[in-house]
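Chemist:
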Amino acid sequence: MTVFNMHDAKTQLSKLVDAAERGETVVIARNGKPAVQLTAVGGAGRQWSPEALSFFTSPPAPELADFEIPGDDLRPLPERDLF
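Counting from 1, one number per residue, gives the positions in the sequence shown under full-length UniProt numbering.
1) When we look at the beta-carbon of F67 and count the other beta-carbons within 10 Å, is it buried (16 or more) or exposed?
2) Please report how far the alpha carbon of R75 lies from the alpha carbon of S49, in whole angstroms.
3) Distance cutoff 8 Å, beta carbons only. Does A20 sit that close to anything in chain D?
4) Are the beta-carbon atoms belonging to A20 and A29 less than 8 Å from one another?
5) Tell me the rounded alpha-carbon separation between F22 and L13.
6) Take M1 as the anchor and find which of G32, A40, V27, D18 has the nearest alpha-carbon.
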């Protein structure tokens with residue numbers, strides 16, 4: 001979270017909006033007390049947590065590398081088992 005005083009926020013508004021669009025938390029303070037928080041509209045700049053991101057970007061677990069499904073597990077179900 002980044003906190004800016006009112007004067008700095010006025011002079012750097014474009015930079016603060018860019019940061020909010022990237023998903024950063026931007027707080028503007030008045031007299032040293034947080035007054036408002038800038039957030040992107042409509043989910044723009046929404047970021048994944050590091051855990052979620054690593055789940056989708058890391059290679060599969062090594063213990064699953066040699067995992068195979070036996071051929072008989074892939075046979076179609078009898079019609080009586082479908083309903």
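Ideal Cβ positions, reconstructed from N, Cα and C, are used throughout, including at glycine.
Predicted model, so just to flag it, every value in this text is computed and none were measured.
Modeler: With the given structure in hand:
1) exposed
2) 39 Å
3) Annotation note: the requested chain D is absent from the structure, which comprises a single protein chain.
4) no
5) Checking the sequence shown, residue 22 turns out to be Arg, not Phe. Between R22 and L13, the C-alpha separation is close to 14 Å.
6) V27
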